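Sequence positions in the sequence shown follow this note's numbering and run 794 to 1021.
Just so it is clear, CB atoms sit at the ideal spot from N, CA and C, and this is done for glycine as well.
Quick caveat: nothing in here was measured; it's all calculated off a predicted structure.
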Amino acid sequence: MANPETYILDLNGKTRPPRSSLAETVVHDIDWFNASRASKRRFDPVLGIKGVVIHATAGSTSGGALQHWRTAANASAHWIVPAEREAEHGRKVIASVYEARAARHVRDDKSNRAINGGAALINHWTLGIEIVNRQDLDNYTDTYSDWQVQATADIVRYCWAKYPNLRWVFSHASVDPSRRADPGRQFPWTEFAGLVTAATAPPAPLPLVSPVPDDDEMADDSRQPCCG
794 MANPETYILD LNGKTRPPRS SLAETVVHDI DWFNASRASK RRFDPVLGIK GVVIHATAGS
854 TSGGALQHWR TAANASAHWI VPAEREAEHG RKVIASVYEA RAARHVRDDK SNRAINGGAA
914 LINHWTLGIE IVNRQDLDNY TDTYSDWQVQ ATADIVRYCW AKYPNLRWVF SHASVDPSRR
974 ADPGRQFPWT EFAGLVTAAT APPAPLPLVS PVPDDDEMAD DSRQPCCG
């Protein structure tokens, strides 16, 4: 298994994907999270975004992570990727903090000289993704599902397309190795990196001139109500 402290993906020179939307659901108390578990970014909320941090929850459900953040930890992330045992798995990721806000997912003094020039205050120039996984560090029995890996890559591609200066994708372990091992040795980083950087075929060009409908189609169109 790989060492999660080495999970660093530099997107510099890679082909940026086209803009896309996310299949996401928003937590009912996102306003509370924005006010109580996030803060105003110190850098521009668009041009200042330089990276995405990949975490794991060390728990078994999205709801458990959210409740822990609400009651026991001054922490948060922008998205949670549900596990197989959850209804949202295979359908949607969960948004818990607005992208414009700095979520609290890395300690302010942490950094890595190989990432963004060794800059600290990582929360202020990154977006955070928490993947639901128990993080059984002794046995690694809780594997990541294919959908979790793909959904996490989809979030990164969404961010990469949206934020023009985004360059770095890295693990929590890479910037805080003495305290954190997430997303863990069992996370398939090489496969994940390939999904993030995979080429996307451009959409087919639209015809310069729309085809002229035949008489029957025009007759059908004339029977349709306009604007109503």
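{"Query": "Once the 5 residues before and after GLY921 are set aside, which same chain residues still bring their CB inside 7 angstroms of it?", "Result": "VAL846, HIS848, ALA870, HIS871, ALA896 and HIS898"}
{"Query": "Is it the case that the Cβ atoms of ALA851 and GLN941 are separated by a distance below 8 angstroms?", "Result": "no"}
{"Query": "In whole angstroms, what separates the C-alpha of ARG950 from that of HIS861?", "Result": "28 angstroms"}
{"Query": "What first and last residue would you give for the alpha helix (DSSP H) that runs through TRP940?", "Result": "939-955"}
{"Query": "May I ask you to verify whether the stretch 973-980 touches the stretch 905-914, counting CB pairs closer than 8 angstroms and requiring at least 3?", "Result": "no"}
{"Query": "Can you tell me whether THR799 is buried or exposed, with buried defined as 16 or more other CB within 10 angstroms of its CB?", "Result": "exposed"}
{"Query": "How should TRP825 be labelled, buried or exposed, when 16 other C-beta atoms within 10 angstroms of its C-beta is the threshold for buried?", "Result": "exposed"}
{"Query": "With 16 other CB atoms within 10 Å as the buried threshold, where does PRO957 fall?", "Result": "exposed"}
{"Query": "When you compare only the Cα positions, how much space is there between ARG960 and LEU930?", "Result": "29 angstroms"}
{"Query": "Kindly indicate which three-state DSSP category LEU802 falls into: helix, strand or coil?", "Result": "strand"}
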